[in-house]
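Engineer: Quick note: the sequence shown uses my numbering, first residue 1, plus one each step.
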Amino acid sequence: MLALKIKCQFRHENGNSFSLMLHSSRFIISFLFCFFFFSFLSLSVVFCQVQVFNSPVDGIMVRSGAMSRDAWAFFTNPAGTALNPVLAAGAGYESTFHLSDLSSRAAFAVFPNRYGVVSGGFSQYGFSSFNLQQYSVAFAREMAPWLRLGIKGTRMVRYQQSYGSHGIFLMDAGLQIMPSSQFAIGFFTANPSRQKWDLDNHSEYHVSYSAASILYEPSSGLFLELGLIKEMEEDAVVSFSVEAPVHQQVNLRGGVSSAPLRMAFGAGLEWEMIRFDAGINHHPTLGFSSAFGIVYVIKR
Numbered sequence: 001m002l003a004l005k006i007k008c009q010f011r012h013e014n015g016n017s018f019s020l021m022l023h024s025s026r027f028i029i030s031f032l033f034c035f036f037f038f039s040f041l042s043l044s045v046v047f048c049q050v051q052v053f054n055s056p057v058d059g060i061m062v063r064s065g066a067m068s069r070d071a072w073a074f075f076t077n078p079a080g081t082a083l084n085p086v087l088a089a090g091a092g093y094e095s096t097f098h099l100s101d102l103s104s105r106a107a108f109a110v111f112p113n114r115y116g117v118v119s120g121g122f123s124q125y126g127f128s129s130f131n132l133q134q135y136s137v138a139f140a141r142e143m144a145p146w147l148r149l150g151i152k153g154t155r156m157v158r159y160q161q162s163y164g165s166h167g168i169f170l171m172d173a174g175l176q177i178m179p180s181s182q183f184a185i186g187f188f189t190a191n192p193s194r195q196k197w198d199l200d201n202h203s204e205y206h207v208s209y210s211a212a213s214i215l216y217e218p219s220s221g222l223f224l225e226l227g228l229i230k231e232m233e234e235d236a237v238v239s240f241s242v243e244a245p246v247h248q249q250v251n252l253r254g255g256v257s258s259a260p261l262r263m264a265f266g267a268g269l270e271w272e273m274i275r276f277d278a279g280i281n282h283h284p285t286l287g288f289s290s291a292f293g294i295v296y297v298i299k300r
């Protein structure tokens with residue numbers, strides 16, 4: 001094994017020496033991420049909305065969620081919760097195609113501490129004959145100003161009238177890299193170990209998928225994001241989204257995704273210690289789905 005270590009030192013104007021190792025490392029990691037990202041595109045692995053709950057900021061906005069940057073990142077890339085320095089709790093509701101039997105609901109809390117950010121939550125989907133319940137705990141940490149890492153463990157319980165109740169344990173992990181102040185890339189994978197449901201007389205693989213995003217902020221508060229989600233044996237879903245402030249307390253969001261073509265629109269309103277988020281998207285065959293949520297800052 002050959003290890004090469006290059007360390008460049010310069011003199012600052014004040015005479016103090018500093019190292020470029022950190023600066024170089026972020027671009028090395030970014031390069032490796034991009035290499036993996038484009039390799040990931042070549043895999044034969046497609047996305048449907050596979051989360052139990054699609055948040056009004058990410059899932060319902062047809063975003064991949066890999067570059068989520070607020071408390072709602074708990075439901076997508078856990079690394080994004082590292083940006084939450086305040087104790088907060090939230091709840092949300094999703095109406096899939098506006099059918100009550102396909103609705104889902106969720107509640108969660110975020111606890112920052114000296115070691116990182118711990119979050120926990122619950123989500124439920126379905127109706128009396130078939131439903132899913134998910135209990136999750138996540139941990140995220142900002143390892144450097146340009147790197148965030150996160151991991152999430154989930155206990156999922158599935159009830160199906162034909163098979164009764166069964167449980168499974170899942171692990172998700174993700175990262176976010178900021179090579180510059182205007183550019184960021186994120187990646188996360190859900191159930192990479194491909195856990196299976198052991199039903200009465202057969203077994204089924206639980207959904208495994210990966211997501212990646214490239215985020216660009218050309219001006220303060222304006223975010224452009226290109227994302228991709230891939231699940232086993234399906235076509236890749238590519239998405240593009242825009243978020244922009246229209247007022248100091250109001251953000252508007254828009255998004256579009258492929259396979260099939262879906263369009264989304266949403267908004268966020270921040271009022272004192274409370275933030276409201278809502279979104280709606282349209283499926284060309286099945287119609288509209290919507291979600292809304294509220295996050296309350298318990299302690300700043």
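Note that CB positions come from ideal geometry on N, CA and C, so glycine has one too.
Fair warning: this is a prediction, and the values are worked out from it, not measured in the lab.
For the ligand ZN, I want to know if Phe139 counts as a neighbour, meaning its beta carbon is within less than 7 Å of at least one of the ligand's heavy atoms.
Structural biologist: Among the components modelled here there is no ligand, and therefore nothing to report on the ligand ZN.
Engineer: Going by DSSP in three states, Ser103 sits in which element: helix, strand or coil?
Structural biologist: As a first step, residue 103 is located in the sequence shown; it is residue number 103 there, counting from the start. DSSP places Ser103 in coil when its eight states are reduced to three.
Engineer: How big is the Cα-Cα spacing for Ile274 and Val246?
Structural biologist: Numbered from 1 along the sequence shown, position 274 holds the residue referred to as residue 274. Numbered from 1 along the sequence shown, position 246 holds the residue referred to as residue 246. Cα to Cα, the separation comes out at about 18 Å.
Engineer: So, at 6 Å on beta carbons, what are the nonlocal neighbours of Met263 in its own chain, with the 5 sequence-adjacent residues on each side left out?
Structural biologist: Numbered from 1 along the sequence shown, position 263 holds the residue referred to as residue 263. So the list reads Val256 and His282, once near-sequence residues are dropped.
Engineer: Residue range of the beta strand (DSSP E) that Thr81 falls in?
Structural biologist: Taking the sequence shown and counting its residues from 1, the one referred to as residue 81 is at position 81. Neither: Thr81 is in no beta strand (DSSP E) and is coded neither H nor E.
Engineer: Looking at the unbroken beta strand (DSSP E) that takes in Thr154, where does it start and where does it end?
Structural biologist: Within the sequence shown, numbered from 1, the residue matching residue 154 stands at position 154. Leu147 to Gln160 is the span of the beta strand (DSSP E), which, as asked, contains Thr154.
Engineer: Kindly indicate which three-state DSSP category His283 falls into: helix, strand or coil?
Structural biologist: For the purposes of this step, residue 283 is taken as the residue at position 283 of the sequence shown. DSSP places His283 in strand when its eight states are reduced to three.
Engineer: Go ahead and label Gly90 buried or exposed: buried means 16 or more other beta carbons lie within 10 angstroms of its beta carbon, across all protein chains shown.
Structural biologist: By 1-based counting over the sequence shown, the position of residue 90 is 90. With 16 or more Cβ atoms within 10 Å of its Cβ, Gly90 is classed as buried.
Engineer: Following the continuous beta strand (DSSP E) through His166, name the residue where it begins and the one where it ends.
Structural biologist: Position 166 of the sequence shown holds residue 166. Element bounds for His166: Gly164 to Ile177.
Engineer: Output needed for Arg300: all residues of its chain with C-beta closer than 7 Å, excluding positions within five of it in sequence on either side, in chain order.
Structural biologist: Taking the sequence shown and counting its residues from 1, one reaches residue 300 at position 300. The residues are Val86.
Engineer: Evaluate Thr285 with the Cβ neighbour count: other Cβ atoms within 10 Å of its Cβ, from every protein chain shown; 16 or more gives buried, anything less gives exposed.
Structural biologist: Mapped onto the sequence shown, residue 285 falls at position 285. Thr285 should be labelled exposed.
Engineer: DSSP puts Met263 in a beta bridge; with which residues?
Structural biologist: By 1-based counting over the sequence shown, the position of residue 263 is 263. In DSSP, Met263 forms a bridge with Val256 and His282.
Engineer: Near Pro56, which residues of its chain fall below 7 Å by C-beta distance, leaving aside the five closest residues on each side in sequence?
Structural biologist: As a working note, residue 56 is residue 56 in the sequence shown. Answer for Pro56: Gly92, Gly266, Asp277, Ala278, Gly279, Ala291, Phe292 and Gly293, listed in chain order.
Engineer: Taking one C-beta from the stretch 159-167 and one from the stretch 180-189 each time, how about it: are there three or more such pairs within less than 8 Å?
Structural biologist: Output reads no: the stretch 180-189 does not touch the stretch 159-167.
Engineer: For the beta strand (DSSP E) containing Gln133, list its first residue and its last residue.
Structural biologist: Here residue 133 refers to the residue found at position 133 when the sequence shown is read from its first residue. Gln133 -> beta strand (DSSP E) spans Phe130 to Ala144.
Engineer: For the beta strand (DSSP E) containing Thr189, list its first residue and its last residue.
Structural biologist: Taking the first residue of the sequence shown as position 1, residue 189 is located at position 189. Counting along the chain, the beta strand (DSSP E) containing Thr189 begins and ends at Phe183 to Ala190.
Engineer: May I ask which residues mark the beginning and end of the beta strand (DSSP E) holding Ile214?
Structural biologist: Taking the first residue of the sequence shown as position 1, residue 214 is located at position 214. Here the beta strand (DSSP E) through Ile214 covers Tyr209 to Ser219.
Engineer: When the distance is taken between beta carbons, is Ala140 closer than 8 Å to Gly116?
Structural biologist: Residue numbering aside, residue 116 sits at position 116 when the sequence shown is read from its first letter. Residue numbering aside, residue 140 sits at position 140 when the sequence shown is read from its first letter. Yes; because the gap between Cβ atoms is below 8 Å, this pair is in contact.
Engineer: Along the chain, where does the beta strand (DSSP E) that runs through Phe223 open and close?
Structural biologist: The sequence position of residue 223 within the sequence shown is 223, counting from 1. Its beta strand (DSSP E) spans residues Leu222 to Glu231.
Engineer: Between Gln51, Asp58 and Val62, which lies nearest to Pro260 when the distance is taken from Cα to Cα?
Structural biologist: Translated into positions along the sequence shown, residue 260 becomes position 260. Among Gln51, Asp58 and Val62, the Cα nearest to that of Pro260 is on Val62.
Engineer: Report all residues from its chain with a CB closer than 8 Å to the CB of Phe288; omit the five preceding and five following residues, and keep chain order.
Structural biologist: Indexing the sequence shown from 1 puts residue 288 at position 288. Within the same chain, Phe288 has close Cβ partners Phe97, His98, Ile280, Asn281 and His282.
Engineer: Work out the CA separation of Ile298 and Ser220 for me, nearest whole Å.
Structural biologist: Numbered from 1 along the sequence shown, position 220 holds the residue referred to as residue 220. Numbered from 1 along the sequence shown, position 298 holds the residue referred to as residue 298. Computed Cα separation, rounded: 27 Å.
Engineer: Nearest-angstrom Cα distance between Met178 and Ser241?
Structural biologist: On the sequence shown, residue 178 is found 178 positions in, with the first residue counted as 1. On the sequence shown, residue 241 is found 241 positions in, with the first residue counted as 1. Each residue's Cα considered, the two are about 19 Å apart.
Engineer: Got a sec, what are the start and stop residues for the beta strand (DSSP E) Pro245 sits in?
Structural biologist: Locating residue 245 in the sequence shown gives position 245, where the first residue counts as 1. Looking at the DSSP string, the run of the beta strand (DSSP E) that includes Pro245 is Val237 to His247.
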